[in-house]
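Residue numbers (this note's numbering), protein chains in the order written: chain X, 1 to 292; chain P, 293 to 708.
Heads up, the beta-carbon is just placed ideally off N, CA and C, and yes, glycines get one too.
Quick caveat: nothing in here was measured; it's all calculated off a predicted structure.
I have placed the structure first, in the form of structure tokens, so that the comments after it can refer back to it.
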Amino acid sequence: MTKNIRKREARKGLLISSTYLVYAAIFWGYPFVWLVILAFSRWRYVGSPRFAGFRNFLRVLYDPIFWKAFFNVLNFLMYYIPIVLIFSLLFALALSKIKYGKTFVALSFLVANISSGVAYSIMFSKLFAENGPLNQIIYKLFNTTIPWFTSPQLAMFSISLIVVWKFIGYYGLILYAGIISIPNNIYEAAELDGANKYVKFFKITLPLLNPSIVMVLVFAISLSFGIFTEPYMITGGGPMRSTLMPMMVMYTSAFQKLDPTYAATMSIFTAIFSFVIIWITRKLLEREVDIV
Amino acid sequence: MKKLLFVLFLTLIIMSFAKTKIVFWTAPNPNQEAYWKKLVSEYEKLNPDIDIEWTTIPAAGSSEEAILSAIASGRTPDICTNIFSGFAAQLIELDQLVELSKLPGFDEVVSQRKMNDIIKGWKFMGKSYVLPIYSNPILMWWRKDILQEYGFKKPPRTYSEIYELSKKFVVPKEKYTMRVVAGRNWWDRWFDYITYYYAASEGKPYIDLKKYRAVYNNDAGIKVAKFFETMFKNKWTAVDLGNAPLYNGVIIGSLKGPWEIPYAENQFPEIIKNITITPPVVPDNYPNDKPIYTFADTKGLVIFKSSKHQKEAWDFVKWVYSNPENDKLWLEMTKMPPARSDLLKNPLFKDFFDKNPLAAEYAKYVGYAIPPALISKTVDVQDEMTYSLIEPIMYGKANAEDAVKNSVKKINRIIW
């Protein structure tokens, strides 16, 4: 009898999850298999792929453009992670203090996240242009202009500022959810022990926010390897390839240079690197947090 | 009655199946769409057994992507327009295109359309796979009104004249002489370095297609690079000139194609009255009596090998391009010069050019406009040109001579 129930339950479970399994097979399994086939092949959209062994992998290893793009991601992370983390945290803290209109403020920040990448990229490229309104103000005030997107040193920083703007609302809400889940009695107990607000922040809020912070970091790292629209639309990967990202190299290889198999191999490298960096980050920063 | 209707319906179905269907893709451009719509319906009326399924190239990042996806998924059209030479070379390498020069009547079409010289720039290993549709020479637009204000009766012709003008006109961070670099996309090299190189070298190629080597590390190539270097070093031009700089008076000159005419007529009707058009500027020692060559932004038409109706497709193409009236219509509707060398001699086009003097300037240079090198690695080559030649000069990271030599070396590594 129990066996029968178990069987029936198992069948039901399979039936319910089958929709997702079919979905995953079509939209994840099939492309994944195709990706592996492509990485070991030579194919230029016509005919059948021909086996090429590790040729594409060796090409990636010796491709200075791919490595330049990879180091650009690290450069981007250096700017992006601290800025986005600090501003998202500030936003989350401010949101937790607001008494009225909390939803409105949260939604206002989220608008950036759901805006069209193409649209705001065009907007920012005009705003930050050499003769754009921002530089005109700076010129009037300080008699100089800032080459936001035209200086090889500054371009990546400017791009990261735009991405920060886009994600503050989203990451901020994740951190906000973490903040409000910290029980008040922990703070009350700390206050009784004479803790000031800095101590409360560094000894209670920040440690208890660890899961949310790590989650934001994981999101931010995976986003950095997949960034495309902003550099593609604003700088085209320049100046001096300083904002060229792996996605852009893959895109041009696959669709402009007719080399989809090479693009597929680069995507495997990129996925592995992002996985490794996420793994290291979690190993270094993740702590088990128990809120009793 | 019901039976009769049924028979009629059946006949209609059979008739529709009996028609030969040709899939035809054209550029997604409103003016070109209106042109093809008219011609396709005319041809279908004349040939009731032919059904041309005409659409614009499906929406994608670029025409090339859409065509590649179609090839990969087996949905290639029979005929397609909007093919640039580099992409044509890639398609030829993939063995996707019909060799048009083998088709009956090809030579007649070429000579009827006065394309004998133009077609040479489109040959791949001596064979023609693409029929050029239009040829847009790239020319300099100058603000006549501003030039006069600074005492220049005619636009500068040489680099020294540009320098002289720059010394009088430029106000750092406010006003610059001209746009020198078009942008950092790979295709921008067509509209800056390659155009100036063709002008400085009397139209010599920048890639030797027989030896497969970049050859612009010569006197002309270095002079152009030095011109770029001088302009950037002295801050007479800038990397970013802002929005519509020519119309806003931030610069006095810029290279532009004929597609700019309808745009400027609509957006800046007062300013376009003060525009004068000249060929690209040349080195100081460029002979006065020699014509100045320029770059041709040109697109062509191809028939795909996968087509089951190659004969019918070619018949349609022949019909379109054997009749100069169709080129006249094209000119009127798109304002882009058809790829024919008799534009200014043929009385058929006279009326149009009389009414459109700026377009007439472009027509003058169709014969001196040279398409890009017919190589399959256009994107890699021009991307490298950006990285190793243009940007180092722009940012003062290398001198002109070194940048030219270094970029040629790197490009040769790509195309070998």
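Check, Outcome
"Cβ distance (whole Å) where I314 of chain P is taken to contact G495 of chain P below 8 Å", "Between G495 of chain P and I314 of chain P the Cβ distance is about 37 Å, and since that is not below 8 Å, they are no contact."
"Contact belief for L392 of chain P with S420 of chain P at Cβ below 8 Å, rounded distance in angstroms", "5 Å"
"Chain-order list of residues whose beta-carbon lies under 7 Å from that of T529 of chain P (same chain, five-residue window excluded)", "Y468, T469, M470, R471, V472 and M523"
"Inter-residue spacing [alpha-carbon to alpha-carbon] between S599 of chain P and T261 of chain X", "27 Å"
"Alpha-carbon spacing of F32 of chain X relative to I584 of chain P, whole angstroms", "54 Å"
"Contact set for Y490 of chain P: own chain, Cβ-Cβ below 7 Å, skip 5 residues either direction", "Y585, T586, F587 and I662"
"Chain X within 9 Å of Q388 of chain P, Cβ atoms only", "yes"
"Which residues DSSP lists as bridging M470 of chain P, in chain order", "P:G545"
"Test: A711 of chain P CB closer than 9 Å to a CB of chain X", "Outside the modelled stretch of chain P, which goes from 293 to 708, sits residue 711 of chain P, for which no answer is possible."
"Minimum C-alpha distance to Q256 of chain X - residue among X:Y45, X:T19 and X:I159", "X:Y45"
"First through last residue of the beta strand (DSSP E) which encompasses M240 of chain X", "Note, M240 of chain X: premise wrong, no beta strand (DSSP E); not H, not E."
"Any 3 or more C-beta pairs closer than 8 Å across the region 553-566 of chain P and the region 530-540 of chain P", "yes"
"CA-to-CA distance, D437 of chain P to F444 of chain P, given in whole angstroms", "10 Å"
"At least three beta-carbon pairs within less than 8 Å, the region 321-340 of chain P to the region 612-626 of chain P", "yes"
"Buried versus exposed, by CB contacts within 10 Å (16 or more), A24 of chain X", "exposed"
"Per-residue contacts from G226 of chain X into chain P (C-beta, under 7 Å)", "What G226 of chain X touches in chain P: nothing, since even the nearest Cβ is about 17 Å away."
"Partner residues on chain P for K140 of chain X, Cβ-Cβ distance less than 9 Å", "Neighbours of K140 of chain X on chain P: none; closest Cβ ~11 Å, over 9 Å."
"Contact set between D672 of chain P and chain X, taken where Cβ atoms lie within less than 8 Å", "K257"
"Endpoints, the beta strand (DSSP E) within which N580 of chain P is located", "Taken as a continuous stretch (DSSP letters only), N580 of chain P belongs to no beta strand (DSSP E), as it is neither H nor E."
"Alpha helix (DSSP H) runs contained entirely in the region 564-631 of chain P, provided each spans 4 or more residues", "602-614 and 616-626"
"Which residues DSSP lists as bridging W433 of chain P, in chain order", "P:S546 and P:I569"
"The region 331-344 of chain P in contact with the region 599-619 of chain P per 3-pair CB rule at 8 Å", "yes"
"Neighbour list for K126 of chain X in chain P, Cβ cutoff strictly below 9 Å", "G534 and N535"
"Counterpart residues of F416 of chain P in DSSP-defined beta bridges", "P:K419"
"Test: R55 of chain X CB closer than 9 Å to a CB of chain A", "Within the model displayed, chain A is absent; protein chains X and P are what it includes."
"Opening and closing residue of the beta strand (DSSP E) in which W313 of chain P lies", "Rather than Trp, the amino acid found at residue 313 of chain P in this sequence is Lys. Residues T312 to T318."
"Same chain, Cβ closer than 7 Å to E604 of chain P, five either side skipped, listed in chain order", "T312, I314 and I342"
"Inter-residue CB distance, S427 of chain P and A631 of chain P (contact presumed, cutoff 8 Å)", "4 Å"
"Reduced DSSP secondary structure (H/G/I, E/B, other) of D370 of chain P", "coil"
"Backbone CA spacing between R435 of chain P and I703 of chain P [nearest angstrom]", "36 Å"
"Min CB distance F104 of chain X to chain P below 9 Å", "no"
"Beta-carbon proximity list for S96 of chain X, same chain, < 7 Å, skipping 5 on both sides", "Y176, I179 and I180"
"N477 of chain P: contacting residues in chain X (beta-carbon distance under 8 Å)", "G236"
"Segment contact, 8 Å Cβ cut-off, at least three pairs: the region 203-219 of chain X with the region 272-286 of chain X", "yes"
"Distance CB(I186 of chain X)-CB(S88 of chain X) smaller than 9 Å", "no"
"Residue(s) in a DSSP beta bridge with R50 of chain X", "X:R42"
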